[in-house]
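Trainee: Below is the structure I would like to discuss, written out as structure tokens.
Residue numbers (the numbering used here): 106 to 282.
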């Protein structure tokens, strides 16, 4: 009997460790190390539909001090991004004098997919192209993910997943809008 007991204990222990290792933490429960700190600086290429108004590049340093900034990471292949796109666009249209919404297109295979997404979902807010570092510098876990910056450029909060109108209104209140 003992001859079979030890192998069974070992198999159960290894199996338990394997299952424990498969657990994925909920990214919404993980705090961002950026909250309360200055947002990572960037200079990014503006996507073509916005270049006439915003120029070829947007630099965070030039945006700081004017109004709070809502940075939203999105991708054309992201289903939740498709759901939140119209919500963000409507919010931007109603509150553009109170907060800047800036989209960061990330993890895109080709630019035409991003441009089609912008047109299909009528994104009125400016969007820039991730240079490959933004996703890492901001410590994002996936898309969509949104960061709220105050006028000094300090990160106030990180929101994982699509934002709702109620989420956006709460963010606006947080910056005094």
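Even for Gly, the Cβ is constructed at its ideal location relative to N, Cα and C.
#1: Quick check: what's the CA-CA separation for residue 156 versus residue 256?
#2: Measure the CB-CB distance between residue 203 and residue 225 and report whether it falls below 8 Å.
#3: If you measure between the beta carbons of residue 207 and residue 248, is that distance less than 8 Å?
#4: Would you grab the beta carbon distance between residue 163 and residue 231 for me? Rounded to a whole angstrom, and I think it's under 8 Å.
#5: Would you mind listing the beta strand (DSSP E) stretches within the region 211 to 267 that are 3+ residues and don't spill past its ends, in chain order?
#6: Quick one: residues in its chain with C-beta nearer than 6 Å to the C-beta of residue 221, no 5 flanking neighbours on either side, listed in chain order?
#7: Considering only their Cβ atoms, is the gap separating residue 268 from residue 192 smaller than 8 Å?
#8: Spell out the partners DSSP gives residue 206 in its beta bridges.
#9: Just to confirm the assignment, what range does the beta strand (DSSP E) spanning residue 187 have?
#10: For residue 223, collect the residues of the same chain with a Cβ closer than 6 Å to its Cβ; drop the 5 residues on either side in sequence, then sort them by chain order.
#11: Please classify residue 200: is it buried, with 16 or more other beta-carbons within 10 angstroms of its beta-carbon, or exposed?
#12: Does the Cβ of residue 115 have 16 or more other Cβ atoms within 10 Å, making it buried, or fewer, making it exposed?
#13: Under a Cβ-count criterion, where at least 16 other Cβ atoms within 10 Å of its own Cβ denotes burial, should residue 168 be classed as buried or exposed?
#14: Between 179, 113, 108, 139, which has its C-alpha nearest residue 235's C-alpha?
Mentor: Judging by the given coordinates:
#1: Here residue 156 refers to the residue found at position 51 of the chain shown. Here residue 256 refers to the residue found at position 151 of the chain shown. Cα to Cα, residue 156 sits roughly 23 Å from residue 256.
#2: Mapped onto the chain shown, residue 203 falls at position 98. Mapped onto the chain shown, residue 225 falls at position 120. The answer is no: Cβ separation not under 8 Å.
#3: Position 102 of the chain shown holds residue 207. Position 143 of the chain shown holds residue 248. No Cβ-Cβ contact shorter than 8 Å links residue 207 with residue 248.
#4: The residue given as residue 163 occupies position 58 in the chain shown. The residue given as residue 231 occupies position 126 in the chain shown. Between residue 231 and residue 163 the Cβ distance is about 7 Å, and since that is below 8 Å, they are a contact.
#5: Fully contained in the region 211 to 267 are the following beta strand (DSSP E) runs of length 3 or more, in chain order: 232 to 234, 250 to 254, 260 to 265.
#6: The residue given as residue 221 occupies position 116 in the chain shown. No residues qualify anywhere along the chain.
#7: Taking the first residue of the chain shown as position 1, residue 192 is located at position 87. Taking the first residue of the chain shown as position 1, residue 268 is located at position 163. Taking the C-beta atoms as reference points, residue 268 is found nearer than 8 Å to residue 192.
#8: Residue numbering aside, residue 206 sits at position 101 when the chain shown is read from its first letter. By DSSP's assignment, residue 206 forms a beta bridge with 175.
#9: Numbered from its first residue, the chain shown carries residue 187 at position 82. It is not in any beta strand (DSSP E) - residue 187 instead sits in the alpha helix (DSSP H) that spans 184 to 200.
#10: Reading the chain shown from its first residue, position 118 is the one you call residue 223. Only 154 meet the Cβ criterion.
#11: Residue 200 sits at position 95 when you count from the first residue of the chain shown. The Cβ neighbour count for residue 200, taken over all protein chains shown within 10 Å, is at least 16; the residue is labelled buried.
#12: The sequence position of residue 115 within the chain shown is 10, counting from 1. Residue 115 is exposed by the Cβ-count criterion.
#13: Against the chain shown, residue 168 aligns to sequence position 63. So residue 168 counts as buried.
#14: Along the chain shown, one-based indexing puts residue 235 at 130. For residue 235, the closest of 179, 113, 108, 139 by C-alpha to C-alpha distance is 179.
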